[in-house]
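Novice:
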Amino acid sequence: MKKGRFIVFEGLDGSGKSTQILEVAKELRRRGEKVWLTAEPTVSPTGSYIRTILAESLEKDMYLQGALFLADRIEHNTDPEDGILKHLKDGETVICDRYYYSSFAYQGTGSDLNWLMQMNLSCSQIAKPDLCIFLDVDPLTCKNRIDRDREKAELYEHDIMLMEKIRNKFFHVFACLKDKENIVVVDANMEMNEVTKEILKNV
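Each residue of the sequence shown is one higher than the one before, starting from 26 at the first, in the working numbering.
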């Protein structure tokens with residue numbers, strides 16, 4: 026069986042990832058592709074702990090956060106029943122909302138980025154994406170969407186200056202990986218349908 030493709034969506038909170046993932050999945054299924062949607066952090070015990078940290082804005086050490094995301098990511102890949110590697114082996118297109126790029130950009134703002142990248146990129150149990158789509162939206166727009174649509178901001182959603190710092194870190198990471206990974210930056214300030222068209226061209 027032909028191995029499936031692995032597509033990752035990245036972007037600031039409020040950039041429209043969830044909406045675009047559903048649109049792309051719908052189109053791929055219309056074309057006859059088998060698509061499995063997933064996200065990080067996962068619903069595993071480790072992932073649930075991370076979600077609590079984010080939702081409750083707990084000030085946990087950045088190195089601890091990076092290690093927790095790594096552990097969650099390894100389980101996300103290797104779960105024999107419902108892991109990324111299993112779905113790819115079964116020929117499915119896997120679309121993931123956030124992956125190690127987010128660890129580099131978010132936890133990389135307060136820890137050793139080289140340490141984070143080495144841990145993730147050198148782990149043989151962590152699949153390398155075939156394509157990373159980064160939805161680039163102005164941080165102020167993202168913050169306004171979060172304040173409008175959510176009852177409570179999460180850990181990395183309170184401060185517009187931090188969101189700008191994270192966006193800059195994403196682009197620093199992409200520059201480091203430009204010769205090693207397939208990363209496409211999409212201007213997601215456009216109308217939703219135009220953003221979807223641009224994503225599908227790359228997919």
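All residues carry an ideal CB built from backbone N, CA and C; glycine is no exception.
For M144, which residues in the same chain have their Cβ closer than 7 Å to its Cβ, ignoring the five residues on either side in sequence?
Specialist: Cβ within range, chain order: L95.
Novice: CA-CA distance, N169 and A178?
Specialist: About 11 Å.
Novice: Pairs of beta-carbons, one from the segment 183-195 and one from the segment 125-135, closer than 8 Å: are there three or more?
Specialist: At 8 Å Cβ cutoff, the stretches touch.
Novice: What does DSSP give as the partner residue(s) for G36 in the beta ladder?
Specialist: Looking at the DSSP assignment, G36 forms a beta bridge with L160.
Novice: Taking a contact to mean a Cβ-Cβ separation below 7 Å, would you say V210 touches D161 in this structure?
Specialist: Yes. Within cutoff.
Novice: DSSP on L62, reduced to helix/strand/coil?
Specialist: DSSP places L62 in strand when its eight states are reduced to three.
Novice: Cβ-heavy atom distance between L37 and the ligand SAH below 6 Å?
Specialist: No copy of the ligand SAH appears in this structure; indeed no ligand is present at all.
Novice: Answer with buried or exposed for R98, where buried requires no fewer than 16 other C-beta atoms within 10 angstroms of its C-beta.
Specialist: It is buried - the Cβ of R98 has at least 16 other Cβ atoms within 10 Å.
Novice: Tell me the residue span of the alpha helix (DSSP H) that contains V211.
Specialist: Segment 208-212 is the beta strand (DSSP E) holding V211; no alpha helix (DSSP H) there.
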